[in-house]
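Chemist: Going by full-length UniProt numbering, the sequence shown opens with residue 1, and the numbers climb by one from there.
For every residue, glycine included, the Cβ atom is placed at its ideal position computed from N, Cα and C.
Computed from a prediction, not measured in an experiment: that's the story for all the values here.
Structure provided below as structure tokens; questions to follow.
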Amino acid sequence: MTRKGRRLLLISCAIGVLGVAAGLVLFALNDTIVFFRSPSEIAAEHTAPGSRLRLGGLVKDGSVMRQDNAHVRFTVTDGGADMAVYYEGLLPDLFREGQGVIAEGVLLGDGTFRADSVLAKHDEKYMPKEVADALKKQGVWKEGEAAR
């Protein structure tokens, strides 16, 4: 085999090994990747129950129901659709109605969302990019409203 042939074989093997390594990494991360969705996207895409995802939007006014110190039910809306959320745990201090929120958890068979964690926006001007884009798409959230 010539030098050129050996070099070509070495490069081909290296590319193959890198491809297999990348495939294994993606396969291993498949269970840990969590996708962001708005209530409208979940309704439109008919997301399968048991799917792990992040739900983002605004906490609907008048929807927060505290059953006791650790059990809370509330509704997340993007203006186009609403989704009921059940959360067991302590909510962030800045969690309140009308504010941006991201809940990470599992979509249940009855259409509710069981959250494992809830993140609230941390100041008047901050809105996660995905949530802001989804709300802008629905026409609910505008740049000037964040400062109110």
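Going along the chain, which unbroken runs of the beta strand (DSSP E) with 3 or more residues stay wholly within the segment 25 to 70?
Modeler: If we require 3 residues or more, the beta strand (DSSP E) runs fully inside the segment 25 to 70 come out as 35 to 37 and 52 to 59.
Chemist: Hey, does Gln99 have any beta-carbon neighbour from chain D nearer than 7 angstroms?
Modeler: No chain D is present in this structure, which holds just one protein chain.
Chemist: Which full runs of the beta strand (DSSP E) of 3+ residues lie inside the segment 92 to 133, going along the chain?
Modeler: For the segment 92 to 133, whole beta strand (DSSP E) runs of length 3 or above, ordered along the chain, are 100 to 107 and 113 to 120.
Chemist: Tell me the DSSP bridge mates of Thr77?
Modeler: BP columns for Thr77 point to Leu58 and Asp82.
Chemist: For Ser63, which residues from the same chain have a beta carbon less than 6 angstroms from its beta carbon, with the 5 sequence-adjacent residues on both sides left out?
Modeler: Excluding sequence neighbours, Ser63 sits near Phe74 and Thr75.
Chemist: Taking all protein chains shown into account, do 16 or more other C-beta atoms lie within 10 angstroms of the C-beta of Met1, making it buried, or fewer, making it exposed?
Modeler: Met1 comes out exposed.
Chemist: Buried or exposed for Phe35, going by 16 or more other Cβ atoms inside 10 Å?
Modeler: Phe35 is exposed by the Cβ-count criterion.
Chemist: Would you check if the distance between the CB atom of residue 151 and the CB atom of Val131 is smaller than 7 angstroms?
Modeler: Not covered by the structure: residue 151. The range shown for the chain is 1 to 148.
Chemist: Val101 and Val59 - do their beta-carbons sit closer together than 7 angstroms?
Modeler: Against a cut-off of 7 angstroms, the Cβ pair of Val101 and Val59 comes out as a contact.
Chemist: What number of angstroms, rounded off, separates the C-alpha of Ile15 from the C-alpha of Gln67?
Modeler: Going from the Cα of Ile15 to the Cα of Gln67 covers about 57 angstroms.
Chemist: Take Val118 and list the residues in its own chain whose beta-carbon comes closer than 7 angstroms to its own, dropping the five residues that flank it on each side.
Modeler: Once the five neighbours on either side are set aside, the close Cβ partners of Val118 are Tyr87, Leu91, Pro92, Phe95, Val101 and Ala103.
Chemist: Would you mind working out which of Asn30, Val25, Arg6 and Arg54 sits nearest Phe113, comparing C-alpha positions?
Modeler: Per the Cα distances, Arg54.
Chemist: Drop a sphere of 10 angstroms on the beta-carbon of Met65, count the other beta-carbons inside from all chains shown, and report buried for 16 or more, exposed for fewer.
Modeler: Result: exposed.
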